[in-house]
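Protein chains in written order, with this note's numbering: chain P, 109 to 458; chain V, 109 to 458; chain U, 109 to 458; chain X, 109 to 458.
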């Protein structure tokens with residue numbers, strides 16, 4: 109039985125880890141921290157989990173350290189803390205040789221200058237080069253041998269899976285890559301704010317952080333790595349009045365004439381053996397509802413042969429494939445478990 | 109032109125006053141206060157009002173007094189402050205002889221002991237007996253001559269209009285009065301709180317303050333006055349995942365056998381000349397969507413002849429007939445204007 | 109491996125059976141019928157099930173009979189057809205000795221006159237007395253030995269579980285039982301109708317079938333059986349603008365003074381060993397979101413010692429505990445499986 | 109008093125015309141047709157309009173002709189019929205010299221071949237060249253003198269207003285124009301269909317008609333006219349789970365280096381005297397909620413000086429500025445009335 113520690117476990121990604129791990133036969137929760145809710149039962153904050161974690165109480169993060177956990181090296185640490193805070197909190201565990209899956213942005217960017225430009229100062233930048241970007245569809249083998257996994261951002265997951273198949277071959281580097289994304293509100297986290305109140309968002313829809321969202325360099329980094337050259341992306345996030353889900357509409361131009369069938373076959377070949385990517389028939393497009401609560405990324409494509417334009421639409425559940433589900437998938441890989449364990453129940457589409 | 113001062117104008121009822129008064133040909137906003145947003149333009153907080161109040165800026169409530177407003181006695185003060193706070197803020201205006209419409213609960217209850225039991229201490233209780241309960245369907249003539257109008261609570265408005273026609277005649281005092289109400293989220297006001305965040309409420313529904321909601325004594329007071337004897341009500345509010353609207357389902361038993369037709373005629377007679385009560389045909393029931401944005405109260409009834417049981421369903425827009433629309437209606441009455449001025453555009457039902 | 113046939117499998121309860129059974133280790137779907145979608149792949153109608161039932165195609169109901177299914181007696185038939193249609197469709201299977209779980213209302217009422225008054229003619233009424241009402245919390249042992257299980261209605265499930273603990277002891281038969289229920293839209297089924305279109309229901313809320321909903325006699329039957337005498341219920345359903353969930357607020361008066369603590373203990377004792385009923389701490393009330401996607405019924409109570417009034421609030425997911433989850437629970441009981449199999453993943457509360 | 113006939117008045121755009129015209133002091137509804145609801149009172153189909161049109165009944169379209177309406181030439185005909193059907197229905201009125209505002213697509217495209225490629229056969233194509241495209245911001249003077257106004261499509265309205273200021277000067281014709289739009293469900297009209305049912309759309313989001321939406325040639329036609337050369341647009345619509353609103357995110361590249369300030373000034377100059385276009389401060393972006401129920405188009409822009417990329421976000425209420433509000437605005441222009449009559453109440457943002 110694998111012991112899991114969740115640091116920062118009172119937010120939505122923490123709660124989602126608890127929801128998913130409740131069905132994992134090989135994992136038990138050893139501790140879950142929350143500064144705000146220290147001393148409060150998990151089921152008081154999340155009554156939906158009653159019957160699953162009745163004896164689990166949030167503990168103060170200061171009480172948790174590698175030394176305080178028996179046999180900590182055989183366990184796993186998930187950090188669901190915000191960026192900036194996470195790096196310092198996981199450092200002791202990394203240094204103690206514990207496997208860490210960090211759901212924040214702190215170890216996703218290879219380049220500390222880029223990180224510090226978009227986020228804040230980094231106090232553990234020596235681990236940037238050791239962290240593996242936790243997108244199994246790109247880095248499965250590296251993840252298996254990693255000790256620090258940087259769990260991808262929610263928008264980057266949807267965007268990279270949409271574009272990966274064509275970046276290293278057909279993509280025309282002289283044309284723009286436009287990524288227009290729409291996210292449910294859980295992406296904003298669980299905090300008291302007028303901006304995320306029901307009344308402010310219900311029946312509304314807007315773009316936000318136009319030209320300045322922090323996931324931009326993460327998307328660029330990974331697309332550039334795939335393309336073999338610098339890719340400048342135009343990324344615009346929008347806020348959907350739904351709880352879960354990200355839909356990404358990506359526009360890209362190809363450098364040579366191909367056929368729709370060729371492109372669809374390329375996508376099919378890329379993802380045919382991936383357990384969590386479902387390619388739709390050509391001409392069909394996915395709905396965020398069809399992946400709700402699940403670890404799937406569903407993808408549909410359209411190719412315009414007249415101007416070599418490819419439109420790709422991908423959907424994920426931002427809390428699952430975009431966060432906690434990917435973290436469980438990475439944990440399964442890290443510990444040699446079946447990659448799909450605890451991630452096999454169908455989506456709740458209605 | 110009537111000058112209006114809105115105290116506490118950054119919340120939803122304040123914004124709704126501004127929305128409605130923008131169409132009022134006889135009113136101009138002289139000042140709108142907000143401690144939190146003092147110095148901020150109204151249209152910055154509410155961009156929807158751009159073009160209507162471009163030169164209006166929230167001012168600090170401490171800067172506003174009867175002395176600071178020229179010709180204040182010819183104007184009107186709306187208080188959209190919370191209960192407890194409102195009483196002290198409107199007192200100087202009341203004492204200066206300015207007509208005040210208080211949207212808080214501070215002057216709704218006749219009995220200071222009841223107020224202090226359910227709310228908090230009262231420092232202006234000498235005005236309780238002078239305030240007129242601002243439900244025109246019950247107290248129109250008194251309102252016309254009032255100087256202090258206690259604007260009714262949102263739940264009480266829906267419940268009292270549902271039950272008023274039968275309280276003084278057919279109602280069986282030995283049986284219970286069950287009032288099961290369901291409100292949209294704007295009823296909770298505009299404040300940063302996890303409890304009212306989009307994610308916590310979306311696709312959810314719950315009862316709250318069961319057996320203890322502060323609108324209970326207000327409903328009892330008015331139904332008792334109508335019945336001529338003490339009426340004990342069972343009132344349960346629920347929170348709907350919509351922005352606007354209150355639907356009240358009231359269950360009452362009658363003391364003598366009547367017919368459905370008799371009851372329907374009684375309701376029709378009661379409300380036929382009311383500009384804002386729309387009685388549906390017998391057997392039809394209202395939807396909160398059909399009064400959205402308007403000052404209407406729509407009512408449908410069902411009578412079970414077997415056990416003399418009457419079920420009444422009423423709907424209002426809690427921000428309009430349940431708050432700011434009623435306040436404008438009261439203002440119109442106070443100043444001898446057409447009662448429906450600025451309240452005549454149809455609901456936005458879709 | 110148990111073979112399951114789903115008759116009428118293209119609606120929401122059919123799709124929910126498929127979703128739940130995808131996680132059942134002991135069940136395989138042998139056939140799923142749909143007159144409308146005969147010949148269409150299940151995953152075409154429900155893309156969310158891609159990867160689970162890729163080779164399953166809806167077949168014409170006329171092609172399915174006890175004779176056409178090898179070893180049919182060892183299997184189970186679920187009928188998710190509408191009332192009236194279901195009775196004739198399941199009859200051949202019943203007569204062939206196949207265990208049948210009927211999700212329609214056709215076998216829920218003991219009395220054929222009552223059925224025919226509220227529904228339509230009954231052509232298999234000889235089986236009414238043989239059918240077991242499939243609420244395990246009341247009839248677990250009978251279900252284990254049944255061949256025909258009448259799966260309870262969604263509203264009755266929430267109402268009966270709310271009231272069962274006090275019906276045979278504390279309930280004051282001289283006072284009313286008021287059941288005010290609010291249901292999500294999936295309860296209306298999957299059909300093309302303006303009345304259930306997004307625009308008509310979004311941001312709306314209304315009562316419907318006031319005084320005439322068909323679940324009324326079913327609730328009365330079961331509460332009367334518990335009370336040992338005829339119980340007349342006042343039942344009003346409402347339509348919530350959410351997809352899933354039923355919240356029931358029940359009002360009942362008790363015949364002798366008790367304490368809140370006594371009542372809470374009675375509820376706790378009644379349900380302590382039930383795997384799918386979660387009683388909340390006294391003073392807390394459930395939210396439909398906290399049972400979403402799960403087979404739980406969460407219950408909260410409030411007792412007013414002044415007038416011996418008990419208010420009970422229960423929530424279920426109408427598609428799970430109110431339909432397909434209960435059906436799976438019943439199937440587990442019928443075949444000696446662990447009652448909770450395929451029903452153990454936590455709710456998706458956010 | 110101007111007499112208005114609404115042909116096809118039972119759908120959402122017809123109902124919205126009725127809602128808006130209820131506040132118009134110079135217009136009275138002379139007839140409203142509906143094949144489906146002929147003989148039914150308007151307030152039966154739309155209870156929200158009770159009190160406004162109590163004596164108005166839908167009449168059969170076959171009973172309405174230029175001959176049957178007294179003094180028809182002094183009136184106005186609105187057609188809210190679907191494309192293809194509208195052209196034949198309005199033809200007799202056009203030929204009789206009645207001013208017609210057609211809300212369908214039938215007279216929007218100048219070129220009959222383009223119309224017939226994207227829509228269907230055209231039996232009144234001789235009027236294509238006489239129709240004026242009813243976007244006052246582009247064609248105000250022509251509208252004033254028109255007899256046939258082709259009311260713009262909802263997506264084109266948002267897209268063209270977003271892009272108009274830069275098409276004839278700064279736009280780089282060699283680069284793509286990407287228009288990513290998101291619409292509320294009222295855009296799909298009022299019809300019984302599983303695809304637009306509450307359950308299918310609630311908490312969902314998807315792209316549709318990717319690469320093939322009929323509004324594409326309309327957008328191209330108008331942007332090309334502005335640019336003075338053929339503009340090929342990439343247009344992708346998406347379906348938002350809200351009732352009203354369209355948000356358009358447009359991506360365009362400029363042909364020479366400018367500054368953000370220059371661009372913002374250009375937009376401000378273009379729209380400063382437009383009564384229904386509200387340009388936000390640079391760096392702010394609009395929300396569909398802030399125009400709900402109103403005739404406004406709110407616009408925000410972002411300019412990336414590094415790669416000369418301009419992102420424009422526009423929002424409209426698809427039923428108002430995107431349909432019936434624009435029709436009323438056009439009617440006001442046609443008849444020399446104040447252009448803003450009946451369109452002046454503020455949006456209902458919450």
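Yeah, the Cβ is synthetic: ideal placement off N, Cα and C, and Gly gets one too.
Query                                                                                                                             : Result
Length of the line joining the Cα atoms of residue 271 of chain X and residue 328 of chain X                                      : 11 Å
Cβ-based burial, residue 398 of chain V [other Cβ within 10 Å; buried from 16]                                                    : buried
Pairwise C-alpha distance: residue 347 of chain P and residue 294 of chain P                                                      : 10 Å
Beta bridge counterpart(s) of residue 417 of chain X as assigned by DSSP                                                          : X:361, X:412
Span separating the alpha-carbon of residue 200 of chain P from that of residue 207 of chain P                                    : 11 Å
Beta-carbon neighbours of residue 396 of chain P, restricted to chain X and to distances below 9 Å                                : 311, 312, 313, 314
Proximity below 8 Å, CB of residue 114 of chain U to CB of residue 188 of chain U                                                 : yes
Residue interval of the alpha helix (DSSP H) (run including residue 374 of chain P)                                               : 368-379
Assigned secondary structure, residue 130 of chain V (DSSP; H/G/I helix, E/B strand, else coil)                                   : coil
Reduced DSSP category for residue 346 of chain P - H, G, I as helix; E, B as strand; rest coil                                    : strand
Ordered list of alpha helix (DSSP H) runs contained in the stretch 287-347 of chain P, each at least 4 residues                   : 306-309, 323-335
Exposure label - residue 380 of chain U; buried when at least 16 CB within 10 Å                                                   : exposed
Nearest residue (CA-CA) to residue 416 of chain P, options P:342, P:444, P:279                                                    : P:279
Every unbroken alpha helix (DSSP H) inside the stretch 148-179 of chain X [4 residues or more]                                    : 150-153
Segment contact flag, the stretch 258-272 of chain U with the stretch 433-442 of chain U, C-beta cutoff 8 Å, min 3 pairs          : yes
Inter-residue spacing [alpha-carbon to alpha-carbon] between residue 163 of chain P and residue 409 of chain U                    : 23 Å
According to DSSP, residues forming a beta bridge with residue 112 of chain U                                                     : U:137, U:184
Under 7 Å from the C-beta of residue 432 of chain V: neighbouring residues of chain P                                             : The contacting residues do not exist; residue 432 of chain V stays about 15 Å from chain P at best.
Interface partners of residue 256 of chain X on chain P, CB under 7 Å                                                             : Correct list: empty, because the minimum Cβ distance to chain P is about 33 Å.
Beta-carbon separation (whole angstroms), residue 451 of chain X vs residue 403 of chain X, contact threshold 8 Å                 : 4 Å
Whether residue 298 of chain P touches residue 120 of chain P by CB criterion (8 Å)                                               : yes
Residue 452 of chain V (DSSP reduced to helix, strand or coil)                                                                    : coil
From U:135, U:109, U:395, U:312, residue whose alpha carbon lies closest to that of residue 70 of chain U                         : Outside the displayed span of chain U (109 to 458) sits residue 70 of chain U, for which this structure offers no information.
Straight-line Cα distance separating residue 350 of chain X from residue 426 of chain P                                           : 20 Å
Of the residues U:246, U:453, U:276, U:251, the one placed nearest residue 336 of chain U, counting alpha carbons only            : U:276
Any C-beta of chain X under 8 Å from that of residue 305 of chain U                                                               : yes
Per-residue contacts from residue 386 of chain V into chain X (C-beta, under 9 Å)                                                 : 155, 158, 159
Nearest candidate by alpha-carbon position, reference residue 344 of chain U, set V:364, V:338, V:359, V:344                      : V:359
is_contact[residue 351 of chain P, chain V] using C-beta, thresh 8 Å                                                              : yes
Three-state class that DSSP yields for residue 227 of chain V in the structure shown                                              : coil
Spatial neighbours of residue 153 of chain U in its chain, beta-carbon cut-off 7 Å, leaving aside the 5 residues before and after : 118, 145
Sub-8 Å separation of residue 433 of chain X and residue 243 of chain X beta-carbons                                              : no
Residue 459 of chain P and residue 385 of chain P closer than 8 Å at C-beta                                                       : Absent from the structure is residue 459 of chain P, since the part of chain P shown begins at 109 and ends at 458.
Bridge-paired residues (DSSP) for residue 241 of chain P                                                                          : P:258
Chain-ordered neighbours of residue 298 of chain P on chain V, where CB pairs are closer than 9 Å                                 : 302, 305, 307, 308
Extent of the continuous beta strand (DSSP E) to which residue 387 of chain V belongs                                             : 385-387
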